[in-house]
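There are 2 protein chains.
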Amino acid sequence: MTEHSLWRFSRAFHRAINERQREDLEALIDDEIDWAIYGPIDMFPFFGARHGKAAVLEVIRQIADNVRVHRFDRESIMLGAETAASMLRFSLTMLDANKPVSLRVAHFAQFRAGRLARLRVLVDTFDLVEQALGHPIHLPRIA
Amino acid sequence: MTEHSLWRFSRAFHRAINERQREDLEALIDDEIDWAIYGPIDMFPFFGARHGKAAVLEVIRQIADNVRVHRFDRESIMLGAETAASMLRFSLTMLDANKPVSLRVAHFAQFRAGRLARLRVLVDTFDLVEQALGHPIHLPRIA
Chain V
0 MTEHSLWRFS RAFHRAINER QREDLEALID DEIDWAIYGP IDMFPFFGAR
50 HGKAAVLEVI RQIADNVRVH RFDRESIMLG AETAASMLRF SLTMLDANKP
100 VSLRVAHFAQ FRAGRLARLR VLVDTFDLVE QALGHPIHLP RIA
Chain C
0 MTEHSLWRFS RAFHRAINER QREDLEALID DEIDWAIYGP IDMFPFFGAR
50 HGKAAVLEVI RQIADNVRVH RFDRESIMLG AETAASMLRF SLTMLDANKP
100 VSLRVAHFAQ FRAGRLARLR VLVDTFDLVE QALGHPIHLP RIA
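Spelled out as structure tokens, the structure:
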């Protein structure tokens, strides 16, 4: 049985982030990749949409410049033939401020011939913003 | 071919929210359901974890008291035998403030004998909070 593309991509992605080794990853990204991480791009310029392999490799470099991954737990997962979705909880350090962050993320991935062709990532952004700021944002109770 | 449990649940859920008709939904929830919507519970008390059918029906009633769904687009989806995950974009009204909200959500669902047994929901919470407040929150650029 062949290994699912998600596992190969996940290993290469974490090597790219933590060890800045992008060679493995380059071979696993489709030239026409359609990529989006939803979130406040004013605060985190590496969020947002990217199209094409060069733009995606560049944004992964930016993420690697800002984040180190300590661990992640996959809380939910679904695998299809060339698709995958999971919900993960990451323990990170924001390198700039040397700040620990715990973050929940959901992704939906499509592969084409084993290469990542489409990625959509949703982040628990309010939780992230509060941790990055280092203090809670006061919220009224609205419901 | 039998209809996937997700479609039946989705129809019943939207009827419960928009028409406050919960009869269909009650039959589609496992007695021991394990449910969590991640987000700031201080602002939105219907976020958070719930265990068991009664607690989940009660939180769905609270959501129905606060939200009307106008439309939703399913941007990504994966279906398994008794599992489903999707990313959706909702157009809602927050009834209290009569405020329109556009919201991206990811869910992972497990069914048991056709009934929802486990649900995890991730929301683009910062986007939601800004829309609910009605003004942007100033963010420093950190990366």
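Residue numbers (numbering that gives the first Met the number 0), protein chains in the order written: chain V, 0 to 142; chain C, 0 to 142.
We treat Cβ as the ideally placed atom computed from N, Cα and C, and that holds for glycine.
Range covered by the beta strand (DSSP E) that runs through residue i
i, result
"residue 35/V", "28-37"
"residue 96/V", "Run containing residue 96/V: none; DSSP gives neither H nor E here."
Per DSSP, cross-strand counterpart(s) of residue i
i, result
"residue 109/C", "82/C and 117/C"
"residue 76/C", "85/C"
"residue 24/V", "Answer by DSSP bridge pairing: none, since residue 24/V is not bridged."
"residue 102/C", "89/C"
"residue 70/V", "90/V"
Where residue i falls: helix, strand or coil (DSSP)
i, result
"residue 12/C", "helix"
"residue 46/C", "coil"
"residue 140/C", "coil"
"residue 7/V", "helix"
"residue 126/V", "helix"
"residue 2/V", "coil"
"residue 18/V", "helix"
For residue j and residue i, believed in contact at Cβ under 8 Å, the rounded distance
i, j, result
"residue 128/V", "residue 104/V", "Actually they do not touch by this definition, with Cβ atoms about 14 Å apart."
"residue 115/C", "residue 32/C", "6 Å"
"residue 84/C", "residue 93/C", "The Cβ separation is near 26 Å, so there is no contact."
"residue 100/V", "residue 131/V", "7 Å"
"residue 55/C", "residue 28/C", "6 Å"
"residue 53/C", "residue 35/C", "That pair is no contact at about 16 Å."
"residue 125/C", "residue 38/V", "7 Å"
"residue 95/V", "residue 141/C", "6 Å"
"residue 67/V", "residue 102/V", "No, residue 67/V and residue 102/V are not in contact; Cβ-Cβ is about 13 Å, not under 8 Å."
Alpha helix (DSSP H) segment containing residue i, residue limits
i, result
"residue 60/C", "52-65"
If contact means a Cβ-Cβ distance below 8 Å, which residues of the segment 101-129 of chain C contact chain V?
103, 104, 105, 107, 119, 121, 122, 123, 124, 125, 126, 127 and 128
Scan the segment 19-40 of chain C for residues whose Cβ lies nearer than 9 Å to a Cβ of chain V and list them as they occur along the chain.
37, 38 and 39
With 9 Å as the C-beta to C-beta threshold (strictly closer), list the residues of the segment 50-83 of chain V near chain C in chain order.
61, 62, 64, 65, 66, 74, 75, 76, 77, 78, 79, 82 and 83
Closer than 8 Å between beta carbons: that is the criterion. Which residues of the segment 1-16 of chain V meet it against chain C?
none
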